[in-house]
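The next block holds one structure in the form of structure tokens; read it before the comments.
Residue numbers (this note's numbering): 6 to 462.
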């Protein structure tokens, strides 16, 4: 409940128990938020909780959160980003050692399923929590299988060795394989996935200096206009891939009513490049300026067939307007290291967004913790601040944010996908929530011919 515009009060359910039988109390919440708000322990979480000024307990069941400002997502911030941990098991550990403790391998939770055993790289076994305070799960035992790749996962379902999987990856023909199995049902679900070519606005050789090519917004706009993003998205994802307007996945509600993403316009792209001095003077098909060819490297992980396919399409399309795009494929750890260090011209980014548009602050504001490309537009920051606290016309406020981000062309936003889950028809009461895929699985039942549908978002 709300006491005033800066105070939220939560009452814990007295029936809630940890899987070892200990009650869930305010001590667990205080312990967890103390860790989450400590920038030395969890800097990203601490930033997400920056408007929480105090967390206190009035008794074993009552928690009080106080905030520094009035804004619409107070409840979201404290309820979504952090889940309570068992203080009676973890409070004696050093604050920065939980991730390395035995608790991670043998977790104790308070939800509908409890950990039984696991074999790294193969499976995790869970059993129904008979004392779950919201009701006993209908499905008594879960085996979460680990597969080496997407094809192996799909084959487990097609062969009957698994009953459900969370997303059928391209090519689109994989969905035809699912449709050919009458006992299986495909369930489209809005997805938090977003893919884009991120333009580094800083020189990767000296991040204190602007990028010699990509610091120019007109060049960035030209590169994006040169791409047929709809062709790229549909070639890989079929009907389940769309080109977003700005950094907006299909999960975010602000996509509704937003403008359409600009279509490919190679003529305009060529004019913009020529106006900035990039002209093919020697007839080799590549533009140059002051003796420097318009050559850029696109860094991507060599483990992603999807990104490789899209990169090859982008490479061919950019070549048609005189841009030489070099594909730099590296192993996943190296890709992450280079991305975090800003060691790239263009990075093929694939992110999983929070279910709230306020998460845009993390990557697209000047001081965002995930801003690795030197993006900084004070107008975007101001519009983000306004949208987060807006009480009226919130959709319009967020669309202003998107328009300004698009104006600055920090990236070529390639795709926002719809996930396609697969569930065996023996299950009924199937609901899949986009922001937490399996959170309602404990409500599923066996028997009959179910009607599967995504939950609201």
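We put the beta carbon where it would ideally sit given N, CA and C, even for glycine. Source: prediction; values computed, not measured.
Taking just the CA atoms, how far does residue 167 sit from residue 399? For this step, residue 399 is matched to residue 394 along the chain shown. For this step, residue 167 is matched to residue 162 along the chain shown. Cα-Cα distance, rounded: 43 Å.
Is DSSP giving residue 186 helix, strand or coil here? For the purposes of this step, residue 186 is identified with residue 181 of the chain shown, where counting begins at 1. If DSSP states are grouped into helix, strand and coil, residue 186 belongs with coil.
For the beta strand (DSSP E) that contains residue 302, what are its first and last residues? Here residue 302 refers to the residue found at position 297 of the chain shown. Following the DSSP letters along the chain, one finds residue 302 inside the beta strand (DSSP E) bounded by residues 300-306.
For residue 418, report the span of its alpha helix (DSSP H) as first-last. The sequence position of residue 418 within the chain shown is 413, counting from 1. Counting along the chain, no alpha helix (DSSP H) covers residue 418; the unbroken beta strand (DSSP E) around it starts and ends at 416-429.
Going residue by residue through the region 27-73, where are the continuous beta strand (DSSP E) segments of at least 3 residues, counting only ones entirely within it? Taking only runs of at least 3 residues, the beta strand (DSSP E) segments lying wholly in the region 27-73 are 57-64, 67-72.
Three-way DSSP call (helix, strand, coil) for residue 364 in this model: Position 359 of the chain shown, counted from the first residue, corresponds to residue 364. In the three-state reduction of the DSSP assignment, residue 364 falls in the helix class, which pools H, G and I.
Got a sec, what are the start and stop residues for the alpha helix (DSSP H) residue 345 sits in? For this step, residue 345 is matched to residue 340 along the chain shown. In the DSSP assignment, residue 345 falls within the alpha helix (DSSP H) that extends over 337-346.
Tell me whether residue 246 is buried or exposed, calling it buried when 16 or more other Cβ atoms sit within 10 Å of its Cβ. Locating residue 246 in the chain shown gives position 241, counting from the first residue. Around the C-beta of residue 246, 16 or more other C-beta atoms lie within 10 Å, and the residue is accordingly described as buried.
Can you name, in chain order, every residue of its own chain whose Cβ lies under 7 Å from the Cβ of residue 79, other than the five neighbours on each side? Sequence index remark: in the chain shown, residue 79 carries index 74 (1-based). Excluding residues within five positions, the ones whose Cβ falls inside 7 Å are 13, 72.
Apart from the five residues just before and just after residue 193, which ones in its own chain have a Cβ nearer than 6 Å to its Cβ? As a working note, residue 193 is residue 188 in the chain shown. Taking C-beta separations shorter than 6 Å and ignoring five residues to either side along the sequence, the partners of residue 193 in its chain run 423, 425, following chain order.
Tell me whether residue 432 is buried or exposed, calling it buried when 16 or more other Cβ atoms sit within 10 Å of its Cβ. Here residue 432 is taken as the residue at index 427 of the chain shown, counted from 1. The residue in question, residue 432, is buried, as its Cβ has 16 or more Cβ neighbours within 10 Å.
May I ask you to verify whether the region 144-164 touches the region 313-330, counting CB pairs closer than 8 Å and requiring at least 3? In short, these stretches do not touch, since the Cβ pair count stays below three.
8 Å contact criterion, which residue 214 and residue 221 should meet: CB distance rounded: Counting from one through the chain shown, the residue named residue 214 turns up at place 209. Counting from one through the chain shown, the residue named residue 221 turns up at place 216. At roughly 14 Å, the Cβ-Cβ gap does not stay under 8 Å, so residue 214 and residue 221 are not in contact.
Any idea if residue 111 is buried or exposed, counting beta-carbon neighbours within 10 angstroms, 16 or more meaning buried? One-based indexing of the chain shown puts residue 111 at position 106. Counting Cβ neighbours within 10 Å, residue 111 comes out exposed, since fewer than 16 surround it.
Spatial neighbours of residue 394 within its chain, please: CB distance less than 8 Å, with the 5 preceding and 5 following residues excluded, ordered by chain position. What you label residue 394 is simply residue 389 of the chain shown in a count that begins at 1. Cβ neighbours of residue 394 beyond the five flanking positions: 74, 75, 76, 77.
Name the one or two DSSP bridge partners that residue 215 has. Numbered from 1 along the chain shown, position 210 holds the residue referred to as residue 215. Within the DSSP secondary-structure output, residue 215 pairs in a beta bridge with 207.
Helix, strand or coil at residue 280 according to DSSP, with G and I counted as helix: To locate residue 280, count along the chain shown from 1; it is residue 275. DSSP places residue 280 in helix when its eight states are reduced to three.
Verify whether the separation of the beta carbon atoms of residue 243 and residue 177 is less than 8 Å. Within the chain shown, residue 243 is the residue found at index 238, counting from 1. Within the chain shown, residue 177 is the residue found at index 172, counting from 1. Taking a C-beta distance under 8 Å as the contact criterion, residue 243 and residue 177 qualify as a contact pair.
In the DSSP assignment, find the unbroken beta strand (DSSP E) run with residue 13 in it and report its ends. Position 8 of the chain shown, counted from the start, is the residue given in the question as residue 13. For residue 13, the enclosing beta strand (DSSP E) covers residues 12-16.
On the DSSP bridge assignment, give the partners of residue 334 in chain order. Indexing the chain shown from 1 puts residue 334 at position 329. DSSP output for residue 334 lists 305 as bridge partner(s).
Look up residue 401 in the DSSP assignment and say whether it is helix, strand or coil. Sequence index remark: in the chain shown, residue 401 carries index 396 (1-based). In the structure shown, residue 401 adopts helical secondary structure according to DSSP, grouped into three states.
Do you know whose CA, among 363, 191, 197, lies nearest residue 355's CA? Position 350 of the chain shown, counting from 1, holds the residue named residue 355. It is 197 whose Cα lies nearest to the Cα of residue 355.
In this structure, how does DSSP classify residue 449 when only helix, strand and coil are distinguished? By 1-based counting over the chain shown, the position of residue 449 is 444. Residue 449 falls in the coil class under three-state DSSP.
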